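What follows is a set of notes on a single structure, which appears directly below.
2 protein chains.
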Amino acid sequence: MRPPVKQPPAADRVYAHVKEGVLERRYEGGALLTEGELADAVGVSRTPVREALLRLEAEGLIKLYPKKGALVLPVSAQEIADVVETRQLVEEHAARKAVPASPQLLARLEELLERQKEQAAAGDLAGAAVTDRCFHAEIVRSGGNEILSRLYDQLRDRQLRMGVAVMHAHPDRITKTLVEHEQILRALRSGDAEAVVGLIHGHVSWFSNLARGEVR
Amino acid sequence: MRPPVKQPPAADRVYAHVKEGVLERRYEGGALLTEGELADAVGVSRTPVREALLRLEAEGLIKLYPKKGALVLPVSAQEIADVVETRQLVEEHAARKAVPASPQLLARLEELLERQKEQAAAGDLAGAAVTDRCFHAEIVRSGGNEILSRLYDQLRDRQLRMGVAVMHAHPDRITKTLVEHEQILRALRSGDAEAVVGLIHGHVSWFSNLARGEVR
DNA sequence: TGCGTACGCGTTGTATCTATGATGTGCGCA
DNA sequence: TGCGCACATCATAGATACAACGCGTACGCA
């Protein structure tokens, strides 16, 4: 008799389902989800669904309207601007704090960059995106501020959602990303805080212009 | 027959109840709340209690342990440092952006300062604290970044919780606060961004030293 | 024909009930 | 006396049932 595979909690399953749906645009911005639908879709009751929706609202992906449903927030120009501005603020702050960089941090970043190169070479776009994300998160995490780290993770989620379309339209971007990461790493190693900040500023803001055009 | 007063939703009542309890230290840090207790205390069923606890966890006031209960997070030195650092980051950023200050912003800040003075003179400590909070929030809100505004509100909640004890131990602090607010306002009006930032930096960090001593 | 009202459906909000897992305690055995 | 196992207790996790509310629609009346 096989030991019964322990499913992750129902609430987490719903959470993952909805988040994926929203991030991958399977649920369009502006769509109105109802608890019943989701419950059926995932195969659980409405109780865990409510939990998941609550968490997602706290993250800013959806907005709950009483007695109406969960609105998948459409990405607005305002949101893009806010996300980019906040990312810059948090990440540049962390970078300043990270100089001079510890050997551990440098090693970890190097490893991540290496991995991303391999993934890019292998055409694994999704994997490269994940690694890219880790690269930046690692810098922020090195600041040791839990509040900022959590915030940053949420920002990356939201940006991911805006970025899917843009990314596909600019496949060469991955190369630029790699180069820029190398520059950042080099600047970190040399201990030039302002250079790091400048590079990150440019690196983060690259698509704010592009994205702006996409959403009008 | 009076039209029955419409109660706010049960979930909101629980949320407010717990939040108050935690912020005012009626629920001590380290205490383990159970859904059943809270449900009885507020007079609702456990379902809305869960909702409230979820929201509070997202705000970082409590931590939910599966099958155990809701732990009221004790304020740690780490948390104090994180909150202060993040407040400085957000508020200084907003201040830089706010220069040169719009007449509307200046007017609003003046009004708030005036009100706080009156409250302080009348001995209305709680009211003055609320107004103080609005003063800072107004500056951040003027930046027009919703993400940062929301974050900032949460930070003020958490700081409020740490600050109660400290505040009572230093009743003269209110006077200093007023003076500093006036300085900030003056600097804003003169358009000297760096002066504003410097003042805010000092103003926000004033108690990080004090608080550190209190929690060991 | 135009407006106002009443009804019906769909959705969330809340309560209650059951299942399951965690924890501490006490008994039995070595 | 010390260790280990079984059980009682209590918490959450989830499902289900019910109530309340909002909104659109259709009907009736002027």
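If you read the sequences in order, they're chains W and U.
Mapping to the numbering used here: the first sequence position 126 is 174, numbers consecutive.
Mapping to the numbering used here: the second sequence position 114 is 162, numbers consecutive.
Even glycine gets a Cβ: it sits at the ideal position worked out from N, Cα and C.
Because the structure is a prediction, the values reported are computed rather than measured.
Continuous beta strand (DSSP E) stretch holding residue i: start and end
| i | result |
| --- | --- |
| U/Val120 | 117-120 |
Delimiting residues of the alpha helix (DSSP H) encompassing residue i
| i | result |
| --- | --- |
| W/Leu109 | Note, W/Leu109: premise wrong, no alpha helix (DSSP H); not H, not E. |
| W/Arg61 | 58-71 |
| U/Ala149 | Counting along the chain, U/Ala149 falls outside any alpha helix (DSSP H), and DSSP gives it neither H nor E. |
| W/Val188 | 173-189 |
| U/His229 | 221-238 |
Chain-ordered neighbours of residue i on chain U, where CB pairs are closer than 8 angstroms
| i | result |
| --- | --- |
| W/Leu112 | The premise fails here: W/Leu112 is roughly 11 angstroms from chain U at the closest Cβ pair, so nothing lies under 8 angstroms. |
| W/Leu137 | Leu137, Val138, His141, Leu196 |
| W/Leu71 | Residues of chain U passing the Cβ test: none, with the nearest at roughly 17 angstroms. |
Within chain W, the residues that residue i reaches when beta carbons sit closer than 9 angstroms
| i | result |
| --- | --- |
| U/Arg320 | A question about residue 320 of chain U goes unanswered here, because the residues of chain U that appear run from 49 up to 264. |
| U/Glu99 | Arg98, Glu99, Leu102 |
| U/Leu199 | Thr134, Ile195, Leu199 |
Closer than 7 angstroms at the beta carbon, the chain U residues around residue i
| i | result |
| --- | --- |
| W/Asp130 | Asn193, Glu194, Ile195 |
Residues that DSSP places opposite residue i in a beta bridge
| i | result |
| --- | --- |
| W/Leu80 | W/Leu119 |
Proximal chain W residues relative to residue i, where beta-carbon distance stays under 7 angstroms
| i | result |
| --- | --- |
| U/Thr134 | Asn193, Ile195, Leu196 |
Status (buried if at least 16 other CB within 10 Å, exposed otherwise) for residue i
| i | result |
| --- | --- |
| U/Leu86 | buried |
| W/Ile248 | buried |
| W/Val66 | buried |
| U/Val252 | buried |
| W/Arg50 | Because W/Arg50 sits at a pLDDT of 43, beneath the cut-off of 50, its placement in the model cannot be relied upon, and the point is left open. |
| W/Thr179 | buried |
| W/Gly171 | exposed |
| W/Gln152 | exposed |
| W/Gly211 | buried |
| W/Arg264 | Bear in mind that a pLDDT of 46 at W/Arg264, under 50, signals an unreliable position, so the number given afterwards is only what the model happens to contain. Exposed: under 16 other Cβ atoms inside 10 Å. |
| W/Glu72 | exposed |
| W/Pro52 | With a pLDDT of 48 at W/Pro52, under the threshold of 50, the modelled position of this residue cannot be trusted; read the value that follows with caution. With fewer than 16 other Cβ atoms within 10 Å, it is exposed. |
| W/Val320 | The displayed coordinates of chain W run from 49 to 264. Any statement about residue 320 of chain W would go beyond what the structure contains. |
| W/Arg234 | exposed |
| U/Ser127 | Residue identity differs from the one stated: residue 127 of chain U is Glu in this sequence, not Ser. U/Glu127 should be labelled buried. |
| U/His133 | One detail in the question is off: residue 133 of chain U reads as Glu in this sequence, not His. U/Glu133 is buried by the Cβ-count criterion. |
| W/Glu230 | exposed |
| W/Tyr113 | exposed |
| W/Glu162 | exposed |
| U/Ser64 | According to the sequence shown, residue 64 of chain U is Ala rather than Ser. So U/Ala64 counts as exposed. |
| W/Val166 | The question names Val, but residue 166 of chain W is Glu in the sequence shown. It counts as exposed. |
| U/Arg135 | buried |
Partner residues on chain W for residue i, Cβ-Cβ distance less than 8 angstroms
| i | result |
| --- | --- |
| U/Arg103 | Leu102, Ala106 |
Contact test: residue i Cβ vs the ligand SAH heavy atom, cutoff 7 angstroms
| i | result |
| --- | --- |
| U/Leu247 | Looking at this structure, you won't find the ligand SAH or any other ligand, since it has none at all. |
Pairs of beta-carbons, one from the segment 130-144 of chain W and one from the segment 180-197 of chain W, closer than 8 angstroms: are there three or more?
yes
Hey, is the segment 215-232 of chain U in contact with the segment 89-99 of chain U, meaning 3+ C-beta pairs nearer than 8 angstroms?
no
Are there three or more Cβ pairs, one per stretch, closer than 8 angstroms when the segment 145-160 of chain W is compared with the segment 65-84 of chain U?
no
Looking at C-beta atoms only, is the number of pairs between the segment 193-206 of chain U and the segment 106-117 of chain U that lie closer than 8 angstroms three or more?
yes
With contact counted as at least three CB pairs below 8 angstroms, one residue from each stretch, are the segment 75-89 of chain W and the segment 116-129 of chain W in contact?
yes
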